[in-house]
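In the order they appear, the protein sequences are chains A and B.
Residues 144 to 636 in the numbering used here are what the first sequence spells out, letter by letter.
Residues 375 to 436 in the numbering used here are what the second sequence spells out, letter by letter.
Taking it in order: structure first as structure tokens, then the write-up.
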Amino acid sequence: MSSTQQTPAAGSTLVERLDALYEYDREPVAKNKLHGWKTFIAMFSGEHVAGTEFLLGPLMVMHGVSAPDFFIGLLIGNILAVLSWALLCAPVAVKVRLTIYWQLRKICGPYLTIAYSGFYAVILCLLAGSMVSVAVTAISIPFDIPNPNYLAGDVLPTFPWMVLALIVGVVIAALAVLGFDKIAHFSKVCAPWMVLVFFACGLAVLADLGTTGFSDFWRVMNEKIFTGVPLGDNSKYTMWHVAGFAWLCNGTQHIGMSDVTIFRYAKDWKQGFSSAFGMFLGHYMAWIASGILCAAYLAEGFTNPQPGDIAMFGAGFAGLICVVIAGWTTANPTLYRAGLAIQVATPNWKRWKVTFLAGAAMIVAACIPAVNAYLDRIIGYYGLFFMPLGAFIFVDVWLFPKLGLISDYAEKKGLLLSWPAAVAWFGSFAIMLFFYGKDNYPWLTKLLGQQPDWLASIQADLLFMVAPEWVLCVLLYIGFSKIQQRNDKLETA
Amino acid sequence: MKTLLKIISFIGLCLTIVPPFLVFYGVIEKPTHFTLMGIGALLWFATAPFWMKNPSLEEAED
Chain A
144 MSSTQQTPAA GSTLVERLDA LYEYDREPVA KNKLHGWKTF IAMFSGEHVA
194 GTEFLLGPLM VMHGVSAPDF FIGLLIGNIL AVLSWALLCA PVAVKVRLTI
244 YWQLRKICGP YLTIAYSGFY AVILCLLAGS MVSVAVTAIS IPFDIPNPNY
294 LAGDVLPTFP WMVLALIVGV VIAALAVLGF DKIAHFSKVC APWMVLVFFA
344 CGLAVLADLG TTGFSDFWRV MNEKIFTGVP LGDNSKYTMW HVAGFAWLCN
394 GTQHIGMSDV TIFRYAKDWK QGFSSAFGMF LGHYMAWIAS GILCAAYLAE
444 GFTNPQPGDI AMFGAGFAGL ICVVIAGWTT ANPTLYRAGL AIQVATPNWK
494 RWKVTFLAGA AMIVAACIPA VNAYLDRIIG YYGLFFMPLG AFIFVDVWLF
544 PKLGLISDYA EKKGLLLSWP AAVAWFGSFA IMLFFYGKDN YPWLTKLLGQ
594 QPDWLASIQA DLLFMVAPEW VLCVLLYIGF SKIQQRNDKL ETA
Chain B
375 MKTLLKIISF IGLCLTIVPP FLVFYGVIEK PTHFTLMGIG ALLWFATAPF
425 WMKNPSLEEA ED
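The following block contains the structure:
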């Protein structure tokens with residue numbers, strides 16, 4: 144982390160400043176710095192049992208997922224996520240041993256890397272805001288401050304709630320400025336305990352739902368928890384929505400390759416399978432537990448299943464502490480990363496200023512209840528948006544040499560922007576957005592009018608588009624790269 | 375000393391995971407479960423930070 148805390152030189156170009164910020168990450172990781180399985184298992188187990196898990200299980204309940212759809216969908220989605228880490232991300236990381244920044248820089252050129260950093264900063268602020276909001280839903284309970292209920296029409300929280308969010312946000316931003324390492328250690332200390340609290344919360348409330356033993360667990364799951372009936376105006380989710388969401392929710396990290404930055408420290412690509420600990424503890428057990436909690440909370444006659452409320456309902460003050468810590472320990476590194484991304488565009492600013500700027504954006508996001516209510520959609524959008532860049536890295540490292548194309552073309556030719564990458568990135572995302580938006584954005588539906596049969600027959604949800612977008616962006620990138628490299632060869636000749 | 379801290383941490387984790395089973399089987403009521411889990415949290419956080427290693431990627435593994 145120390146390498147990324149430098150202040151870029153003032154008065155230089157944007158590209159030079161960006162390079163200076165990541166200067167020490169330029170060299171591949173040395174052999175004596177490599178880590179074994181234990182480190183990665185601990186890291187994944189800690190990172191993926193986060194405050195937002197208290198939101199995502201309930202979101203699935205609200206979307207009327209049935210029990211078989213939920214269990215099988217999660218199994219499929221999480222296996223796909225683990226395979227994406229193990230077969231796509233880790234092998235590239237171990238081969239090149241560079242950060243995502245330098246890998247993108249070599250392939251796409253500095254301009255697209257700057258665009259990536261900027262967009263990523265915005266998303267990270269939203270996610271950190273969501274985590275702050277999760278923590279505040281717990282802190283607000285002892286103060287008797289009501290949590291906002293988006294489904295009941297609360298567009299903004301109450302003023303005292305916003306004050307709490309401000310205080311929590313400022314503390315998180317201050318800690319992110321003061322030092323990240325101690326917080327990282329603390330979050331790892333919390334991980335084993337938090338995993339057990341999630342499990343304990345879910346198990347303890349099962350009796351409230353009428354479970355008398357493990358023999359009727361499945362019956363209660365079907366009849367009282369994952370009933371298959373959406374609540375309120377929520378759309379109906381099927382097994383494929385669940386699978387797509389479980390796969391896509393960390394899409395930027397695995398299929399989008401941002402975790403090459405982490406796996407460059409791995410001794411062996413097989414360590415990518417250590418992600419299974421994060422997925423099956425955090426995105427399987429914890430989502431099931433929080434879904435059970437949500438259903439039990441609603442069955443008691445409560446109407447606003449916020450993370451703090453449901454955790455208090457399942458585990459008392461230990462549950463509240465778990466929500467605060469889970470929100471805080473994940474908001475902190477997220478904010479830190481957002482600060483780094485913003486630092487690129489703010490050359491003369493000290494790191495503390497940049498982090499507080501990101502912190503301000505985080506606090507604003509925390510005070511918008513819609514962010515948490517639509518967290519699945521936000522995660523879906525950003526997963527799809529960043530995924531093509533990971534596909535380009537995969538293609539550039541493994542396929543280009545076999546296709547007779549030149550890898551790291553932007554770096555070798557000194558290009559500021561790789562147009563094949565730019566067109567394939569924005570083009571594939573725009574096409575996917577069109578297929579989703581034609582039925583979901585009223586303005587686009589109206590603009591299209593009567594859709595031809597072939598177009599009307601495509602009913603694609605955002606969460607189904609991972610695989611089609613990956614294939615599309617790969618084909619576009621290879622095709623355009625062939626044109627680019629052929630033209631350059633002709634020019635040279 | 376480290377061993378003692380580890381034993382206390384382990385007791386803390388046990389107090390976190392055993393009570394929900396007891397609630398599930400109707401042996402204890404929820405308020406007792408909340409109290410036991412609270413004590414478990416206290417024991418864990420009072421001891422675990424002192425013996426758990428920080429698996430930072432910046433440090434080489436032994």
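Even for Gly, the Cβ is constructed at its ideal location relative to N, Cα and C.
Within chain A, partners of residue i - CB distance below 8 Å
i        : result
Thr406/B : In chain order: nothing, as chain A lies at least about 10 Å away.
Phe398/B : Leu346, Ala347, Leu349, Ala350 and Thr354
Cβ-based burial, residue i [other Cβ within 10 Å; buried from 16]
i        : result
Arg629/A : exposed
Ile310/A : exposed
Asp452/A : buried
Tyr399/B : exposed
Pro285/A : exposed
Met375/B : exposed
Glu443/A : exposed
Pro303/A : exposed
Gly386/B : buried
Met411/B : buried
Ala438/A : buried
Leu424/B : According to the sequence provided, residue 424/B is Phe. The question's Leu does not apply to it. Result: exposed.
Phe357/A : exposed
Trp586/A : exposed
Lys249/A : buried
Cross-strand partners of residue i (DSSP beta bridge)
i        : result
Ala409/A : His178/A
Thr370/A : Ser209/A
Residue interval of the alpha helix (DSSP H) (run including residue i)
i        : result
Phe213/A : Ala210 to Leu226
Asp519/A : Leu518 to Phe537
Gly557/A : Neither: Gly557/A is in no alpha helix (DSSP H) and is coded neither H nor E.
Asp596/A : Asp596 to Ala599
Tyr380/A : Segment: none, Tyr380/A is in no alpha helix (DSSP H) and carries neither H nor E.
Tyr584/A : Run containing Tyr584/A: none; DSSP gives neither H nor E here.
Ala316/A : Phe302 to Leu321
Phe543/A : Counting along the chain, Phe543/A falls outside any alpha helix (DSSP H), and DSSP gives it neither H nor E.
Cys437/A : Ala429 to Ala442
Gly394/A : No alpha helix (DSSP H) contains Gly394/A, which DSSP labels as neither H nor E.
Gln246/A : Ile243 to Cys251
Asp452/A : Pro450 to Gln486
Lys376/B : Lys376 to Phe398
Met411/B : Lys404 to Trp425
Arg362/A : Phe360 to Val363
Residue i vs residue j beta-carbon contact at 8 Å
i        : j        : result
Leu177/A : Lys555/A : no
Ala469/A : Gly194/A : yes
Thr390/B : Ala461/A : yes
Ala415/B : Val332/A : no
Val275/A : Ile464/A : no
Leu255/A : Leu267/A : no
Asn638/A : His426/A : The requested residue 638/A does not occur in the structure, where chain A is confined to residues 144 to 636.
Pro654/A : Pro448/A : Nothing can be reported for residue 654/A, as the shown portion of chain A is limited to 144 through 636.
Ala573/A : Cys616/A : no
Val609/A : Met400/A : no
Val204/A : Gly434/A : yes
Ala264/A : Ala484/A : yes
Gly272/A : Ala509/A : yes
Ser418/A : Ala185/A : no
Leu436/A : Gly457/A : yes
Val514/A : Lys238/A : no
Ala474/A : Val466/A : no
Phe213/A : Phe369/A : yes
Phe187/A : Phe342/A : no
Pro476/A : Ala603/A : no
Asp519/A : Phe388/A : yes
Val279/A : Ala429/A : no
Val386/A : Gly216/A : According to the sequence as given, residue 386/A is Ala; it is not Val. Yes, they are a contact pair.
Neighbour list for residue i in chain B, Cβ cutoff strictly below 8 Å
i        : result
Ala461/A : Thr390, Phe408, Met411, Gly412, Gly414 and Ala415
Pro585/A : Correct list: empty, because the minimum Cβ distance to chain B is about 46 Å.
Partners in chain A for residue i, counting only beta-carbon separations shorter than 7 Å
i        : result
Leu378/B : Within 7 Å Cβ-Cβ: nothing; Leu378/B doesn't reach chain A, min ~17 Å.
Ala422/B : Val332
Contact set between residue i and chain A, taken where Cβ atoms lie within less than 9 Å
i        : result
Phe384/B : Per Cβ cutoff of 9 Å: no residues; Phe384/B is ~10 Å from chain A at best.
Neighbour list for residue i in chain B, Cβ cutoff strictly below 7 Å
i        : result
Ile464/A : Ala415
Leu339/A : Leu387, Thr390 and Ile391
Cross-chain neighbours of residue i in chain B, by beta carbon under 9 Å
i        : result
Trp471/A : Going along chain B, no residue has its Cβ under 9 Å from Trp471/A, so there is no contact; the nearest lies around 13 Å.
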